[in-house]
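Heads up: the sequence lines are chains A and B, in that order. For the first sequence, my numbering assigns the number 1074 to the last residue and increments by one with no breaks. For the second sequence, my numbering assigns the number 1074 to the last residue and increments by one with no breaks. Cβ coordinates follow ideal geometry from the N, Cα and C atoms, glycine included. Please read all numbers here as calculations on a predicted model, not as lab measurements. This report concerns only the one structure given below.
There are 2 protein chains.
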Amino acid sequence: MTSSAHKSYQSLIALAKEHAVLSSCVEVLYWDADTFMPRGGVQHRGAQLAALAGLVHEFHTSPKVADLLAAVEGSDLVRDPESPEAVNIRELSRQHRLQSRLPRSLVEEKARLTTVAQQVWAEAKEENDYARFQPVLDQVIAVSRAEGSALAGPGGDAYDAHLGQWEPGATAAELTAVFSQLCAELRPILNAITASRKRPRTAVLKREYNVEKQKMFVQSVAATLGFDLTCGRIDVGVHPTCIYVGPGDVRITNRYSERDFSRGFFCALHETGHGLYDQGLSQESFGTPMGDAPSLGMHEGQARMWENFVGRSLAFWKHFHGRLREVFPEAVGEVKLESFHAAVNRVESTLTRPESDEVTYNLHVAIRFELERALISGALSTRDLPGAWKDAYKRELGIEPANDSEGCLQDGHWAAGMFGYFPTYTLGNIYAAQLYAAARAALPGLDESFAEGDFSPLVGWLRENVYRHGHRWTSAELIRRVTGSGPDHRALIEHLRGRYGPVYGF
Amino acid sequence: MTSSAHKSYQSLIALAKEHAVLSSCVEVLYWDADTFMPRGGVQHRGAQLAALAGLVHEFHTSPKVADLLAAVEGSDLVRDPESPEAVNIRELSRQHRLQSRLPRSLVEEKARLTTVAQQVWAEAKEENDYARFQPVLDQVIAVSRAEGSALAGPGGDAYDAHLGQWEPGATAAELTAVFSQLCAELRPILNAITASRKRPRTAVLKREYNVEKQKMFVQSVAATLGFDLTCGRIDVGVHPTCIYVGPGDVRITNRYSERDFSRGFFCALHETGHGLYDQGLSQESFGTPMGDAPSLGMHEGQARMWENFVGRSLAFWKHFHGRLREVFPEAVGEVKLESFHAAVNRVESTLTRPESDEVTYNLHVAIRFELERALISGALSTRDLPGAWKDAYKRELGIEPANDSEGCLQDGHWAAGMFGYFPTYTLGNIYAAQLYAAARAALPGLDESFAEGDFSPLVGWLRENVYRHGHRWTSAELIRRVTGSGPDHRALIEHLRGRYGPVYGF
Chain A
569 MTSSAHKSYQ SLIALAKEHA VLSSCVEVLY WDADTFMPRG GVQHRGAQLA ALAGLVHEFH
629 TSPKVADLLA AVEGSDLVRD PESPEAVNIR ELSRQHRLQS RLPRSLVEEK ARLTTVAQQV
689 WAEAKEENDY ARFQPVLDQV IAVSRAEGSA LAGPGGDAYD AHLGQWEPGA TAAELTAVFS
749 QLCAELRPIL NAITASRKRP RTAVLKREYN VEKQKMFVQS VAATLGFDLT CGRIDVGVHP
809 TCIYVGPGDV RITNRYSERD FSRGFFCALH ETGHGLYDQG LSQESFGTPM GDAPSLGMHE
869 GQARMWENFV GRSLAFWKHF HGRLREVFPE AVGEVKLESF HAAVNRVEST LTRPESDEVT
929 YNLHVAIRFE LERALISGAL STRDLPGAWK DAYKRELGIE PANDSEGCLQ DGHWAAGMFG
989 YFPTYTLGNI YAAQLYAAAR AALPGLDESF AEGDFSPLVG WLRENVYRHG HRWTSAELIR
1049 RVTGSGPDHR ALIEHLRGRY GPVYGF
Chain B
569 MTSSAHKSYQ SLIALAKEHA VLSSCVEVLY WDADTFMPRG GVQHRGAQLA ALAGLVHEFH
629 TSPKVADLLA AVEGSDLVRD PESPEAVNIR ELSRQHRLQS RLPRSLVEEK ARLTTVAQQV
689 WAEAKEENDY ARFQPVLDQV IAVSRAEGSA LAGPGGDAYD AHLGQWEPGA TAAELTAVFS
749 QLCAELRPIL NAITASRKRP RTAVLKREYN VEKQKMFVQS VAATLGFDLT CGRIDVGVHP
809 TCIYVGPGDV RITNRYSERD FSRGFFCALH ETGHGLYDQG LSQESFGTPM GDAPSLGMHE
869 GQARMWENFV GRSLAFWKHF HGRLREVFPE AVGEVKLESF HAAVNRVEST LTRPESDEVT
929 YNLHVAIRFE LERALISGAL STRDLPGAWK DAYKRELGIE PANDSEGCLQ DGHWAAGMFG
989 YFPTYTLGNI YAAQLYAAAR AALPGLDESF AEGDFSPLVG WLRENVYRHG HRWTSAELIR
1049 RVTGSGPDHR ALIEHLRGRY GPVYGF
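Encoded structure:
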């Protein structure tokens, strides 16, 4: 009995790995589309991605997989729910159930459509031409709505179904509660900051930073943090991202502005956090849930931890400030460590999410969470999106975009059909705060190590407590195990008070 | 009956196109491996390519394809052998027959093995360490021998089977005859050149040419010739190549030396010739034989035509010499057109094939043709390859490589399992000479157009006579139709005499 279950399990894992290899070709095609693909190739790229999406879908929904799952489920092999076998079966089964609800034609159509939609979006953003994007967005919403409904099944909620793809187990209702508590506590912090007469000067960040030198600096920082450049790359891409092609191949893309150091640098740190996680996942388990992150929120948490908790800390800059001065003597040469550190911790309402500070970031996310639910439910039409976006920014952040490029065209997620993705950013902040507090408690000399340029204690702790576990638990359960309590926004609020109280005197 | 044949035909073409899209993902992965893939990613890349190769093979050998072919073959639809339908059926049927002889496991194994072998080869070449490459080469030869035997079938010849993959219909026996005639007529030309006291000075080509400027110059030349950069790219890669990803996406890679202008420039021209052909193939027919070249020899012919027949002509440099002087005033500013033109037409025995001149090039190819037949038949062991290579160079070109990097490690074809590929280079030269002579006869003012920077008459003629026909005929038949006689080395000899006689005074 067990022996037969064992055989089935091995066949299933072999099959899963085989299809993960195929699926990973998609990652190369995405990366290429973002970096080097000639414009003329976009239609063909859509066809390629559609073909691969169809094949990957075929695996997830194949009767063979169903049979193999059935042969293992309930067997002794999966009795211990934390064993790799049980974890893999639990998650492969969940994926099989969900994917079987999607017709292959829909999967292929979405891949084709969103490839083209992303190009249209990029052009529309560049030319500040929302009208050009709107009809394509309508198509993407229609196909995403159909996808969400199919995934949700009868009586289920389409938006929740999308959300669950990125953050298994999460629901919009639950997250609405989290957001409302979090925002309620963020507002007084933001108000105190706005009212404060203290205001770090950021002119140093807006000086001239040669882009080639920025790239080199980013490479060397990423390497110092532990990102292995023989098994990864950092390139210029349209949107900053990190793509896990497969074992030995993790690719970061980033963008740079010559007169805005933070913009490029903190995005790069963010993606490096993703990259460290991907490189830390079990390579032997590649293609199985044990070799995968439990959720996007957890992945995002890793990125936010390095970007903000580490990357905006004084200890971090104690080490890197000197190197930065050497690379950019004209911009930073005369600027003291403390002033530079204060500059990268300036809090200010801005129009764009990726460059926003830690305090306002979650308000940007809350706006998108609200708008995308309305787009999927149909309560908001794409015609009214630009206005709704402006209203929300005015209400939440007190500022209004001058045009759609810095308004509702700023992010490419919707063009990619990635609904339910945004809220995982805030979950990531929450997870990061909890995990970072636990790491600091466990590793007393952390700041001293950072100041000496040694980031291995934190990477080691994350490897031990997060990376190596893959999808052993849900993200919520992982947080509970590592920190002793479930996901909770209070660690984040505490962190923000602790960091910005002294700077702004509240 | 015809209507049912028509339906089957349409299903077959849809299937072929679908699988061509999948197969084209392989091209992106190759391109990426050659340009940007981190070293650590090579094992995973091998797994990706193996998975895709297996799927593509599955298509070619599927019973569904066999049934559809059977339903169309012999029907009215394919009565006219030159109709697109007949051409597509003829070639899909041939591919089906051949691919059905290969077990899928062998196809996957070869894809996996050669991906890794190419990396080992590149490292061995860099470090001049043949011993490191030899065991991998043994493995590649073993799998290629098995592949050749399977393709050839009982009693067939393994090497001929490889050759036929690249040049349908060609046999080693036939090509041996061609090579022996060609080489017999090349030797007196080479002897006359070697004996001549005239010797164009090439110092101008060895001055300092900033690599970034070379890249820009190459881009602008390619665009002038007609290569569409919105539907293609030119990047730096380990080996110069041209990859046809799909409609709207043709990618050239090239390499540059700061102190060797010809090396980078003529390779780039060569790849541009490939690129013009790929961009000139029927996009609607992509994924079917009507949208594909009839053979590698024909493709190579296009490349060699632009590299040598056009690119080393005085008319070409009448136009580009001025631009080159502007870009590299220090290197070329004082050098007259005639001296520059003479420099790029210097004939000299060199150790490396891609940079060799038009006269000696075919001797390089003849050496490889001889050695690879012996490797596949087993008459030559890999242990003896470096010595056999040296002996052949001494015999044919009177020079001997100082080490294996410039000897038997110089080309990556064998690492890639591409046996039978080299002789198509010489076929390409033969085809190019015949086609170019026909084009000149048909287009009297060609040199004047070139001198004015207008290359569209030649591109137009090639589109009309070659590109648009795809695989309508075999290469030999296409040559016959366009030039009035079958493939024949005499046009090449005539071209060489015509060009080098005046330069070297014979």
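Test: residue i CB closer than 8 angstroms to a CB of chain B
i, result
"THR798 (chain A)", "yes"
"SER881 (chain A)", "no"
"VAL633 (chain A)", "no"
"VAL646 (chain A)", "no"
"ARG607 (chain A)", "yes"
"PRO815 (chain A)", "yes"
"HIS612 (chain A)", "yes"
Whether residue i touches residue j by CB criterion (8 angstroms)
i, j, result
"ALA960 (chain B)", "LEU939 (chain B)", "yes"
"TYR577 (chain B)", "VAL640 (chain B)", "yes"
"LEU580 (chain A)", "LEU666 (chain A)", "no"
"ARG823 (chain B)", "CYS810 (chain B)", "no"
"GLU868 (chain B)", "TYR993 (chain B)", "yes"
"VAL711 (chain B)", "TRP982 (chain B)", "no"
"ALA1044 (chain A)", "TRP1029 (chain A)", "no"
"VAL900 (chain A)", "PHE908 (chain A)", "yes"
"LYS612 (chain A)", "ASP817 (chain B)", "Note on residue identity: the sequence assigns His, not Lys, to residue 612 (chain A). In contact: HIS612 (chain A) and ASP817 (chain B) (Cβ atoms closer than 8 angstroms)."
"GLN782 (chain A)", "GLY841 (chain A)", "no"
"VAL704 (chain B)", "VAL903 (chain B)", "no"
"TRP734 (chain A)", "SER643 (chain A)", "no"
"GLY865 (chain A)", "GLY996 (chain A)", "yes"
"ALA910 (chain B)", "VAL589 (chain A)", "no"
Expected contact under 8 angstroms - CB spacing of residue i and residue j to nearest Å
i, j, result
"ARG914 (chain B)", "THR770 (chain B)", "5 angstroms"
"GLY843 (chain A)", "SER850 (chain A)", "That belief does not hold up - the Cβ atoms of GLY843 (chain A) and SER850 (chain A) are roughly 16 angstroms apart, past 8 angstroms."
"TYR999 (chain A)", "ILE757 (chain A)", "That belief does not hold up - the Cβ atoms of TYR999 (chain A) and ILE757 (chain A) are roughly 20 angstroms apart, past 8 angstroms."
"THR629 (chain A)", "SER673 (chain A)", "Rounded, the Cβ-Cβ distance is 12 angstroms, inconsistent with contact."
"HIS838 (chain B)", "GLY1021 (chain B)", "The pair is not a contact, with the Cβ atoms about 20 angstroms apart (cut-off 8 angstroms)."
Pick from the options that is closest to residue i, judged by C-alpha positions
i, options, result
"ALA601 (chain B)", "B:GLN782, B:ALA685, B:SER825", "B:ALA685"
"LEU977 (chain A)", "A:ARG700, A:VAL596, A:ILE967, A:ARG941", "A:ARG700"
"ALA1001 (chain B)", "B:SER788, B:HIS1039, B:ALA911, B:TRP874", "B:TRP874"
"THR682 (chain A)", "A:ALA984, A:ILE1047, A:LYS575", "A:ALA984"
"PHE747 (chain B)", "B:TYR929, B:LEU793, B:GLY609, B:SER592", "B:TYR929"
"VAL1050 (chain A)", "A:ARG1031, A:LEU1064, A:VAL1071, A:PRO768", "A:ARG1031"
Cutoff 8 angstroms: residue i Cβ touching any chain A Cβ
i, result
"LEU597 (chain B)", "yes"
"HIS574 (chain B)", "no"
"PHE604 (chain B)", "yes"
"PRO857 (chain B)", "no"
"VAL806 (chain B)", "no"
"SER592 (chain B)", "yes"
"VAL624 (chain B)", "no"
"VAL589 (chain B)", "yes"
"HIS628 (chain B)", "no"
"MET569 (chain B)", "Since pLDDT at MET569 (chain B) reaches only 49, below the 50 mark, its modelled position is unreliable, and the value read off the structure follows with that caveat. By this cut-off, MET569 (chain B) is not an interface position."
Residue i: first and last residue of the uninterrupted alpha helix (DSSP H) it sits in
i, result
"ARG801 (chain A)", "Where ARG801 (chain A) is concerned, there is no enclosing alpha helix (DSSP H), although the beta strand (DSSP E) it sits in stretches over 800-804."
"ILE944 (chain A)", "929-945"
"VAL772 (chain B)", "No alpha helix (DSSP H) holds VAL772 (chain B); DSSP gives it neither H nor E."
"VAL610 (chain A)", "610-628"
"SER830 (chain A)", "829-848"
"SER712 (chain A)", "698-720"
"LEU977 (chain A)", "Premise fails: LEU977 (chain A) is in no alpha helix (DSSP H) and is neither H nor E."
"HIS867 (chain A)", "864-872"
"LYS781 (chain A)", "779-793"
"ARG914 (chain B)", "Per DSSP, ARG914 (chain B) belongs to no alpha helix (DSSP H) and is neither H nor E."
First through last residue of the beta strand (DSSP E) which encompasses residue i
i, result
"THR821 (chain A)", "817-822"
"TYR812 (chain B)", "809-814"
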